[in-house]
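Here is the structure we will look at.
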Amino acid sequence: MADTTAPSTTAPTSTTPGRRKAVSLTRTPTWAWALPPVLVLALGFLYPLALVVRQSFTPESLEDGGASLTPYTEVFASTVFREALTTTVWLAVGATVGCLVLGFVLALVIAFVPFPGGKAVARFIDVFLSFPSFLITLALLFIYGSVGMANGAWTGVTGAAEGPFHFLTTPWGVLLAEITYFTPFVMRPLLAAFSQLDTAQLEVASSLGAGPVRIVRQVILPEALPALAAGGSLVLVLCLNEFGIVLFTGAKGVTTLPMLVYSKAILESDYPAACVVAVVNIALSVGLYSLYRVVSRRAGA
């Protein structure tokens, strides 16, 4: 009698090299994948930060290198530090408000007012974000500096010995430079938010008789609030830590916290005081960012 048993169709149990590699990858512990980036972060950022914090508690008067609060008490009691803190805060807040207002208006024009070259302007904003801050400051110096084009044109027309534009070396010049440089950081998220806005809402509001101002206030602005919060918080943190703009404007009477760190560390070689100011600057930045995260989470942004 013939054997009617069907041949076995079971696939071979041998595993291909690629299969073995995939299995071995899935069996790797999760912490092993997180270890390399954590080590890079620790060596490149956390360890230097720990050295700065340690140095801020180590006055030069202690030969044994012991910890003390003396650097903090001396820095906090100095008039220079209090003035630098006040200047840093009001410049950062003023620049943030200016960037929010100017960025919102410019983003509205680019997004909702058709004009030739509108797309090119929107793309240029992305390129502008890669520019270094000192480049914008130099451009302002070429225009409004003591020997800039504006003063040159004034002296050429009136015959005066010097022009009237000398505000770049004042806090107002620093404020103008920061608003000029950081406004695109507000416009970029706004343009992204406006691109997601349903234009049917604008058409319905317009058909019901709403004017442009009312449409902006009741339709566009509520949709733009999360983008405004994101861009404004970013600008605020960046302005708190801005160094290049203050340095390149030549505003010698304007001392911010980053400038004070530079002065204490490089010019005076007072490293404990410089580290104290740096720790305060870091604490301000982290605190403001944490506050933004809490507010945005509660607002659902």
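The numbering of the sequence shown is my numbering, which starts it at 9 and goes up by one. Glycine included, each C-beta is placed from N, C-alpha and C at the ideal position.
| Item | Value |
| --- | --- |
| Top-ranked residue by Cα proximity to Tyr152, from Leu244, Ala200, Phe173 and Phe136 | Phe173 |
| Run of the alpha helix (DSSP H) containing Arg131, from where it starts to where it stops | Gly126 to Phe136 |
| When Cys283, Arg196 and Gly102 are compared against Pro179, the one with the closest alpha-carbon | Gly102 |
| Range covered by the alpha helix (DSSP H) that runs through Val101 | Thr87 to Phe120 |
| Touching by the beta-carbon criterion (3+ pairs, under 8 angstroms), the segment 258 to 265 and the segment 89 to 108 | yes |
| Environment of Pro45 [buried if 16+ CB atoms lie within 10 Å] | exposed |
| Coil, strand or helix - Leu77 by DSSP | coil |
| Cβ pair Gly273, Val182 closer than 8 angstroms | Rather than Gly, the amino acid found at residue 273 in this sequence is Ala. No. Outside cutoff. |
| Coarse secondary structure for Gln204, derived from DSSP in three states | coil |
| CB-CB length for Pro197 against Ala238, believed under 8 angstroms | 5 angstroms |
| Beta-carbon spacing of Cys247, Thr104 below 8 angstroms | yes |
| Residue span of the alpha helix (DSSP H) that contains Leu229, given as start and end | Leu229 to Leu248 |
| C-alpha gap between Val135 and Asp206, whole angstroms | 27 angstroms |
| Residues near Leu283 by beta carbon distance below 7 angstroms, same chain, minus five either side | Just to set this straight, residue 283 is Cys in the shown sequence, not Leu. So the list reads Val60, Gln63 and Ser64, once near-sequence residues are dropped. |
| Contact under 8 angstroms by Cβ, Val227 with Ala213 | yes |
| Range of the contiguous alpha helix (DSSP H) that encloses Arg222 | Pro220 to Ile223 |
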